[in-house]
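A.B. asks: Numbering (the UniProt record's numbering), first residue to last: 1 to 539. We put the beta carbon where it would ideally sit given N, CA and C, even for glycine. Small disclaimer: the values here were computed from a predicted structure and weren't measured.
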Amino acid sequence: MTSVIETDVLIIGAGPAGLMAANELQKRDVDYLCLEKRTGPSELSKALGIQARTLEMFELLGVHQSFLRRGYPGPGSKLHLGGENPSLVELYHIESRYPYLLIIPQSETEKILEEHLSALGGEVSRKHEVVEVIEADRGVYVNAMHDGELKKYFAKYLLACDGAHSKVRQDLDVTFEGEDEGYTFFLGDVDVPSLNEIYINMHLNDRGAVAFFPYKDGSYRVVGLDRAKQGLPHKDELTLDELQESLNTILSEPYQVKNPKWLSYFGTAHRQVPNYRKGRVFFIGDAAHIHNPIGGQGMNLGLEDAANLGWKLDAVLKGHANDSFLDSYHFERSPIGMDVLKETARMLKIIDLQGAQGKVRNWTGKAALTQDWVQKKIAHHLSHIYNEYEDTSRNKELLDSSLSKEAIQSGKRVPDHLLFFDGTNDKSVYPLIRRHGYICFIYIDAQDDALINHAYTFSRMARENYPDLLKIFLVAKGGTVLTKGKELPIIYDVHRHLEKKLGMEKGSTLLIRPDGHVAFHAMSSEPEQTMTKLKRFLS
Ligand SMILES: Cc1cc2nc3c(=O)[nH]c(=O)nc-3n(C[C@H](O)[C@H](O)[C@H](O)COP(=O)(O)OP(=O)(O)OC[C@H]3O[C@@H](n4cnc5c(N)ncnc54)[C@H](O)[C@@H]3O)c2cc1C
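What follows is the structure, encoded as structure tokens:
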């Protein structure tokens with residue numbers, strides 16, 4: 001009889017979402033296995049844009065440098081909406097250390113994530129095709145075929161990262177609600193000798209839409225919609241001649257395309273699972289949501305899903321949090337997925353406007369894009385840095401109304417470019433989160449014995465209840481701070497970033513989650529109250 005291989009977490013699929021999940025778990029020494037049917041990472045360029053918030057997540061994982069080295073910082077888009085001059089959407093407006101769209105083919109993204117996983121000591125079990133998934137009370141049974149042999153697994157939790165046609169979703173009878181959009185896009189990775197661009201170039205008119213994305217090696221991703229070729233029987237194969245024909249139809253100036261590396265037609269749909277969690281199974285990435293490629297957001301959503309769930313699973317498996325803590329994955333991520341679904345479906349309808357309506361769209365677009373604030377809004381929205389979680393009921397329960405209106409509160413993203421002085425050097429907050437996970441700042445302002453005692457008492461209680469979970473820092477504005485103990489490092493808010501950008505004030509305690517969002521921010525004079533908040537956060 002085949003023995004059952006047991007693990008805490010089983011990840012199905014090693015696309016971008018599964019690889020990110022594996023990295024998140026490996027970093028935290030969680031017991032997991034990752035099963036993938038393919039023999040190696042995808043060779044297809046597919047998703048080519050990494051948004052700022054995803055780069056922040058990569059920074060927290062420690063893999064950002066490889067991406068920055070191998071990618072291309074796309075500064076924004078030129079929109080050709082008729083008339084002589086294109087309108088610009090500049091991404092330098094994004095308030096992040098990564099104010100651009102990092103252009104890198106998905107094949108590279110998968111390679112980098114797998115290399116990082118391997119450097120951390122992890123691996124993907126390749127050539128393992130999952131053929132059956134069965135839910136049980138305290139976990140999930142999975143059968144997989146490997147080299148003609150059936151292997152059986154049991155895991156406490158299963159992460160379905162198996163893409164748009166998810167086998168896990170099918171076996172568990174989970175619906176994928178939404179609809180096909182009925183459009184056919186063309187796609188080519190080609191050379192365009194007459195183009196020399198650093199911006200994404202987009203053309204929109206009554207004949208269709210085309211976007212040219214510059215790759216680092218000087219070639220281009222050309223993707224678009226030829227109105228003359230809609231409604232035909234579906235096919236995947238696109239020839240270079242057909243691509244050229246569509247470009248000649250849509251564009252008023254000739255762009256010769258050459259040396260194709262990948263050519264394809266693809267259709268679009270918007271669909272999402274009703275709940276990102278079903279019992280012990282979590283849906284991540286395209287297994288949870290699909291939508292059209294406008295704005296280059298699909299893969300980013302999946303990578304950010306994995307970053308949201310990884311540390312939560314770790315907290316539960318290490319006994320710091322209850323199983324119900326994992327429900328927040330659905331409540332935090334699903335509204336963001338739904339928002340992208342609605343937005344991309346709406347954008348496609350706008351792109352499809354023709355005749356008088358198309359003229360109004362182009363005229364309004366051109367007028368709006370002369371305004372800096374409009375560009376800023378679009379840039380921020382696409383960058384995903386505004387994907388925050390403050391509206392979930394769990395995060396609302398943790399709000400502290402006694403804090404100032406400006407104070408950052410539960411669920412909000414902590415900005416990534418905050419500086420403090422550690423007594424010797426200026427340091428920034430994200431590397432602290434990367435190193436320690438949960439960061440707790442207690443703002444003592446200056447020497448204040450009562451607050452220092454509070455911090456030490458809270459630190460002792462936190463250690464007793466959650467050994468090694470939090471890293472607590474005392475934050476002073478300046479001056480000499482003397483403490484009896486040495487365990488709590490003192491940092492100085494000399495740039496006033498914690499005060500001005502996070503709304504911290506004397507006596508406030510800020511707990512930051514390992515994914516760079518706020519767990520809670522509280523004003524309290526009693527360590528017991530802060531402890532109660534911590535327990536509620538992890539419940
Ligand atoms: C033409 C095209 C262009 C795109 N452009 C963009 C873009 O510009 N920006 C963007 O953000 N997104 C884009 N996307 C979407 C992006 O490619 C997906 O969102 C992304 O691949 C989803 O990652 P994932 O890990 O969730 O799923 P996938 O990449 O689909 O990975 C799923 C993995 O699961 C494995 N698997 C499936 N079933 C099993 C099984 N039974 N057993 C074991 N393993 C299994 C598969 O082999 C695969 O490796 C594009 C997609 C396409 C097709």
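Measuring alpha carbon to alpha carbon, tell me which residue in S125, P527, I512, S524 is nearest F537.
C.D. replies: Here the question's residue 537 lines up with position 537 in the sequence shown. Looking at the Cα atoms, I512 is the closest of the given residues.
A.B. asks: Going by other Cβ atoms of all chains shown within 10 Å of its Cβ, with 16 needed for buried, is L348 buried or exposed?
C.D. replies: By 1-based counting over the sequence shown, the position of residue 348 is 348. By the neighbour-count rule (16 or more Cβ atoms within 10 Å), L348 is buried.
A.B. asks: Taking DSSP as the reference, what is the three-state secondary structure of Q272?
C.D. replies: The count along the sequence shown starts at 1 and reaches residue 272 at position 272. Strand.
A.B. asks: Given this structure, state the Cα-to-Cα distance separating N425 from I491, to the nearest angstrom.
C.D. replies: Within the sequence shown, residue 425 is the residue found at index 425, counting from 1. Within the sequence shown, residue 491 is the residue found at index 491, counting from 1. Each residue's alpha carbon lies about 10 Å from the other.
A.B. asks: Under the three-state reduction of DSSP, which class applies to T128: helix, strand or coil?
C.D. replies: If you number the sequence shown from 1, residue 128 lands on position 128. The amino acid at residue 128 is misidentified as Thr; the sequence shows His. Strand at H128.
A.B. asks: Measuring alpha carbon to alpha carbon, tell me which residue in E135, K235, T239, Y255 is nearest F266.
C.D. replies: If you number the sequence shown from 1, residue 266 lands on position 266. When only C-alpha atoms are compared, the closest one is K235.
A.B. asks: Nearest-angstrom Cα distance between F283 and S328?
C.D. replies: The residue you call residue 283 lines up with position 283 of the sequence shown. The residue you call residue 328 lines up with position 328 of the sequence shown. The alpha-carbon atoms of F283 and S328 are separated by roughly 13 Å.
A.B. asks: In whole angstroms, give me the CA-to-CA distance for residue 541 and G298.
C.D. replies: This structure does not reach residue 541, given that the chain is present from 1 up to 539, and the question cannot be answered.
A.B. asks: Can you tell me whether DSSP reads V374 as helix, strand or coil?
C.D. replies: As a first step, residue 374 is located in the sequence shown; it is residue number 374 there, counting from the start. Residue state, collapsed to three classes: helix.
A.B. asks: If you measure between the beta carbons of N387 and I336, is that distance less than 8 Å?
C.D. replies: The residue given as residue 387 occupies position 387 in the sequence shown. The residue given as residue 336 occupies position 336 in the sequence shown. Yes, the pair counts as a contact, with Cβ atoms nearer than the cut-off.
A.B. asks: Give the DSSP-derived three-state secondary structure of T7 in the structure shown.
C.D. replies: Locating residue 7 in the sequence shown gives position 7, counting from the first residue. Here T7 sits in strand by DSSP.
A.B. asks: So the candidates are P527, I11, L502, E123; which of them puts its Cα closest to the Cα of D416?
C.D. replies: Taking the first residue of the sequence shown as position 1, residue 416 is located at position 416. Closest option to D416, Cα to Cα, is L502.
A.B. asks: Tell me which residues share the same chain as G437 and place their Cβ nearer than 6 Å to its Cβ, disregarding the 5 neighbours each side in the sequence.
C.D. replies: As a position in the sequence shown, residue 437 is number 437, starting the count at 1. So the qualifying residues of the chain are P514.
A.B. asks: For P73, name the three-state secondary structure that DSSP assigns.
C.D. replies: Your numbering for residue 73 matches position 73 in the sequence shown. Strand at P73.
A.B. asks: Cutting at 7 Å between CB atoms, please list the residues of its own chain near I433, excluding the five before and the five after it.
C.D. replies: Translated into the one-based positions of the sequence shown, residue 433 becomes position 433. Excluding sequence neighbours, I433 sits near L60, I439, I512, P514, G516.
A.B. asks: Relative to the C-alpha of T483, which candidate in L451, S524, F186 has its C-alpha closest?
C.D. replies: Position 483 of the sequence shown, counting from 1, holds the residue named residue 483. Comparing Cα-Cα distances from T483 to each of L451, S524, F186, the minimum goes to L451.
A.B. asks: Is residue 544 near ligand 1, with its Cβ less than 7 Å from a heavy atom?
C.D. replies: Since the displayed the chain opens at 1 and closes at 539, residue 544 lies outside it and no answer follows.
A.B. asks: Under a three-way DSSP split, which group does I351 fall into?
C.D. replies: Walking along the sequence shown from the start, residue 351 turns up at place 351. In this structure, I351 counts as helix in the three-state DSSP scheme.
A.B. asks: Where G163 and E84 are concerned, what is the direct C-alpha to C-alpha distance, given to the nearest angstrom?
C.D. replies: In the sequence shown, counting from the first residue as 1, residue 163 sits at position 163. In the sequence shown, counting from the first residue as 1, residue 84 sits at position 84. In a straight line, the C-alpha of G163 is about 42 Å away from that of E84.
A.B. asks: Span of the beta strand (DSSP E) holding G188?
C.D. replies: Mapped onto the sequence shown, residue 188 falls at position 188. Here the beta strand (DSSP E) through G188 covers 177–191.
A.B. asks: Pick out the complete beta strand (DSSP E) segments inside the segment 493–519, 3 residues or longer, and give them in chain order.
C.D. replies: Listed in chain order, they are 508–512.
A.B. asks: For H64, is the classification buried or exposed, using 16 other Cβ atoms within 10 angstroms of its Cβ as the cut-off for buried?
C.D. replies: On the sequence shown, residue 64 is found 64 positions in, with the first residue counted as 1. By the 10 Å Cβ count, H64 comes out buried.
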